[in-house]
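What follows is one structure encoded as structure tokens, with my remarks underneath.
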Amino acid sequence: MVEVKNLVKSYGNIDAVNNISFTANVGEVLGFLGPNGAGKSTTMNIISGYLSATSGTVTIDGYDIVDEPKEAKKRIGYLPELPPVYQEMTVKKYLNFMYELKKATQPREEHLNEIMKQCGILEISDRIIRNLSKGYRQRVGVAQALVGNPPVIILDEPTVGLDPKQIIEMRTLIKNLGKKHAVIFSSHVLSEVSAVCDRIVVISQGRIVADEATNKFSYMNTEEMKLTLTVEGTSATVISAVSSVDGVTKVRRGDRQSDSVCNYSVEYKKDVDVRKGIFRALAKADCPILQMKDAGMSLEEMFLTLTTPTYQDKGGRD
Ligand code: ADP
Ligand code: MG
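In the numbering used here, each residue's number is its place in the sequence shown (first place is 1) plus 5.
Here it is, written out as structure tokens:
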């Protein structure tokens, strides 16, 4: 439904988004996870057609967001990070306004009532937006994204600033939306993304560093052992050398430390000690190991390893 291909967005010589590709389908909640400044909002703004890409393409149900913006945008409901505010309108008036703006065709009363019910804002529909709590305002934001029943729903950090109860309600809402839409939902909170999403795309410094089914992440967490490496040499050589070691099941590149030095995460079978094998394979490939850490990593640690260039394990679990 959403197909993002080789997306690049440069500001001067900064690449806010650096060659991002992924797809999202109806019936799926895709978590877009990354620390602040990773490029989440930039990517979402490009997908929704509010920002032009430096290069790369986005198609929504086959419609290119640049070539056929009208058709593509019709299929997207977007809650931006900083939603445009219509503070003085009542909730109902605002949703009616959005209904007209989007030229929605569903029977109006029924459609808007259904959305307000789904978002839990029916009882506050006559209140002025300015007077609502942050939690309710976020739900109104989600509600406007649903007007016109677009197949794709994009929500940029919808739980930021909410209290714990509101966060749980918002997560439940997002999960339900995933049944009938393709939902892309960004967050910098790993536990939240793993609780809500079917798939997680991890983004760091404008690049995708992981794209996995959520249950695969938990599987890695419990069943597989992993270690992290910092190695000098070309990535292809390092990955090929480490992959060839008996017991290694997966090698993934993390962040780049310098031109020739990168972090890697290596998964291996539980009862095999692969460290000596990795040492020999990399020595043979003439790629010096600058650091090797063995860790039955938690999800949080995995996330940090993938997204932080200077990650140091301070937990002392070697
Ligand atoms: P996130 O939403 O993941 O926090 P953003 O997409 O907002 O990240 O930002 C990604 C990077 O792009 C950041 O380094 C940010 O400073 C930079 N950036 C975003 N918008 C602009 C802009 N208009 N001009 C220059 N740099 C920008
Ligand atoms: Mg953002």
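Virtual Cβ for every residue (Gly too), placed ideally from N, Cα, C.
Can you name the start and end residues of the beta strand (DSSP E) that residue i belongs to?
i, result
"glutamate 272", "266-273"
"threonine 62", "60-65"
"serine 46", "No beta strand (DSSP E) contains serine 46, which is instead part of the alpha helix (DSSP H) from 45-52."
"serine 15", "7-16"
"glycine 259", "253-261"
"valine 207", "204-209"
Write down the C-beta distance between residue i and residue j rounded to the nearest angstrom, noting that I regard them as a contact closer than 8 Å.
i, j, result
"histidine 186", "proline 40", "That pair is no contact at about 26 Å."
"valine 22", "glycine 211", "5 Å"
"alanine 195", "glutamine 296", "Checking the sequence, you will find leucine at residue 195 rather than alanine. Between glutamine 296 and leucine 195 the Cβ distance is about 23 Å, and since that is not below 8 Å, they are no contact."
"leucine 35", "valine 188", "7 Å"
"proline 155", "glutamate 237", "Proline 155 to glutamate 237, Cβ: 48 Å. No contact."
"methionine 175", "glutamine 149", "Actually they do not touch by this definition, with Cβ atoms about 15 Å apart."
If we ignore side chains and look at the alpha-carbon of each, how far apart do residue i and residue j end up?
i, j, result
"leucine 12", "threonine 48", "8 Å"
"valine 147", "isoleucine 65", "19 Å"
"methionine 225", "glutamate 272", "Only weak support exists for where methionine 225 lies, its pLDDT of 48 falling under 50; the value from the coordinates is given anyway. C-alpha separation (whole angstroms): 8 Å."
"arginine 285", "aspartate 260", "23 Å"
"arginine 280", "serine 26", "33 Å"
"aspartate 264", "threonine 59", "24 Å"
"isoleucine 52", "isoleucine 70", "7 Å"
"lysine 275", "glutamine 92", "56 Å"
"valine 7", "leucine 56", "16 Å"
"tyrosine 141", "proline 88", "13 Å"
What is the DSSP secondary structure of residue i, reduced to helix, strand or coil?
i, result
"asparagine 220", "helix"
"serine 334", "This structure cannot speak to residue 334, because the chain is shown only from 6 to 323."
"alanine 3", "Since the first residue shown for the chain is 6 and the last is 323, residue 3 is missing from the structure and cannot be characterised."
"serine 57", "coil"
"valine 165", "coil"
"threonine 233", "strand"
"tyrosine 316", "At tyrosine 316, the pLDDT of 42 sits below 50, so the modelled position is not reliable; the number obtained from the coordinates is stated separately. Looking at tyrosine 316 - three-state DSSP - the assignment turns out to be coil, as it is neither helix nor strand."
"valine 214", "strand"
"valine 188", "strand"
"valine 243", "helix"
"valine 277", "coil"
Between which two residues does the alpha helix (DSSP H) containing residue i stretch?
i, result
"asparagine 181", "169-185"
"valine 201", "195-201"
"alanine 288", "280-289"
For this session: At 3 residues or longer, and completely inside the region 102-160: list those beta strand (DSSP E) runs for me, N to C.
Result: none
Exercise. Hey, which unbroken runs of the alpha helix (DSSP H) at 4 residues or more fall wholly within the region 63-102?
Worked result: 74-79
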